[in-house]
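Presented below is the structure to which this report refers.
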Amino acid sequence: MRYERELEALKYIDQLDAEMNSRQEEREVYSKKQIEELRKEYPQIPEDYLEYLSEIGAGSFGKEFCTIFGDLCEIEDFYDESLLEFLDFEEKVLQFGCDPSGKALVFIIDENWEVGEIWDDDLGSVCRAEKTFYDYICEVIECLYKVQ
């Protein structure tokens, strides 16, 4: 399993959250069939993202510190209609998640499918994380784990 260490960290974080909030984060682990459907729809989808969905699952962690969607969506589907005119960037993106501040987590659709972020205070540009999904999500989980 690629995400073994991260899964253990999230179990610990979920346990702390449940103790403090009497509520545990729920994530949907994707089946092989669901993974294959995503592969068919997006042939270049990063394998590390699919592994995350099959090992950890779609959903939130860390009191909704980060939410990973199971299905990719067009960025226009995430933002309120009144903000769509500000989404003015060159890159083609597909959204895979968000955080509570409204920051969109996206794949930049090119040959590498790197992670990018779209911040609410600058909807006109995509901030390139210059990381794979695996590197990005591991960093987020590690950061949250250290805080807990």
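All residue numbers in the sequence shown are consecutive under the UniProt record's numbering, ending with 148. A virtual CB, placed ideally from N, CA and C, is assigned to each residue, including glycine.
query                                                                                                                     : result
Spatial neighbours of Pro100 in its chain, beta-carbon cut-off 6 angstroms, leaving aside the 5 residues before and after : Glu64
Whole-number beta carbon distance between Gly57 and Tyr30, since they are thought to touch under 8 angstroms              : 7 angstroms
Beta-carbon separation (whole angstroms), Gln95 vs Ile75, contact threshold 8 angstroms                                   : 5 angstroms
Euclidean distance between Cα positions of Arg2 and Ile118                                                                : 27 angstroms
Residue span of the alpha helix (DSSP H) that contains Leu50, given as start and end                                      : 47–55
Inter-residue Cα distance where the pair is Leu72 and Arg128                                                              : 18 angstroms
Proximity of Val115 and Glu91 at Cβ, strictly below 8 angstroms                                                           : no
Exposed unless 16 or more other CB atoms sit within 10 angstroms - verdict on Asp121                                      : exposed
Burial state of Glu36 (16 or more Cβ within 10 Å)                                                                         : exposed
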